[in-house]
DNA sequence: AATATAGTTATCCATATGGCTAAGTATATG
DNA sequence: CATATACTTAGCCATATGGATAACTATATT
């Protein structure tokens, strides 16, 4: 638990569900109301709302209500944090792979 | 559920836990045995093993047993799939942001 | 004013998750 | 051979998750 980033628990959990990923994807092409977002999902509204709550409390989306309509939009930051974490991890083992490649290369050239 | 990638359910779920992320991080600096991996985690071994099973069944790590010792290593592919998904989503709304910026810019220049 | 619309709240339910202890198996080591 | 080591398996438990229905609130519409 070296450099534990609590936000990642919540972000990765949010992304672990296909309904929620679909919502993120949909919001990529612009704001949408709760009903609009719900349409493609074969699920009762309260069930769907729970997914929106997971996304919003996790900071991946935000929403505002005008009259009786709630409109949602994406919040870029958290996705970026998740991507950065993965990217850094990959950088580490890619670094290792590179060093290993160099090592193999050195062995090879020493044999000449 | 347009372009639903089932692997992502499993990968993001695996990454949603700090213990599992720590294991991924640790394996970034090379192979390790189950006991070695378990040391930093204040948890009974069977509990810890469950995390390894989540990682392995999700394809994020693999392991082989020699004698009574099981050694684990990272499998790059799944992390890459997860990073790619996020990256593509970001590209979409960054594209939008860019178009919006252009639009605003055009409005501004029309005012000249 | 009456009705339709768009969420929201309150429960409920089955299953999954993340932790535990106790006991078992297989391989080293003394 | 006896014992220690390194997992494994089996079961238990509390809480979280993802779904549902029923009833409610607050705005539009007619």
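Residue numbers (this note's numbering), protein chains in the order written: chain C, 1 to 112; chain P, 1001 to 1112. Cβ atoms here follow ideal geometry from the backbone N, Cα and C, with glycine treated the same way. Keep in mind that this is a model prediction, so the values were computed, not measured.
Under the DSSP assignment, residue 57 of chain C falls outside any beta strand (DSSP E), being part of the alpha helix (DSSP H) whose first and last residues are 45-57.
Rounded to the nearest angstrom, the Cβ distance from residue 1085 of chain P to residue 1008 of chain P is 6 Å, consistent with a contact under 8 Å. In the three-state reduction of the DSSP assignment, residue 1041 of chain P falls in the coil class, being assigned neither a helical nor a strand state. When the Cα atoms are used, residue 11 of chain C and residue 21 of chain C turn out to be separated by approximately 11 Å. Nearest to residue 1065 of chain P by C-alpha distance, out of P:1019, P:1024, P:1034, P:1029, is P:1034.
The beta-bridge partner set that DSSP reports for residue 1066 of chain P consists of P:1069. With respect to the 8 Å criterion, residue 93 of chain C and residue 1059 of chain P are not classified as neighbours on the basis of their beta carbons. The beta-carbon of residue 1079 of chain P is placed less than 8 Å from the nearest beta-carbon of chain C. Neighbours of residue 12 of chain C in chain P, taken as residues whose beta carbon is under 7 Å from its own, are 1012, 1015, 1016 in chain order. The C-alpha of residue 1068 of chain P is placed about 16 Å away from the C-alpha of residue 1046 of chain P.
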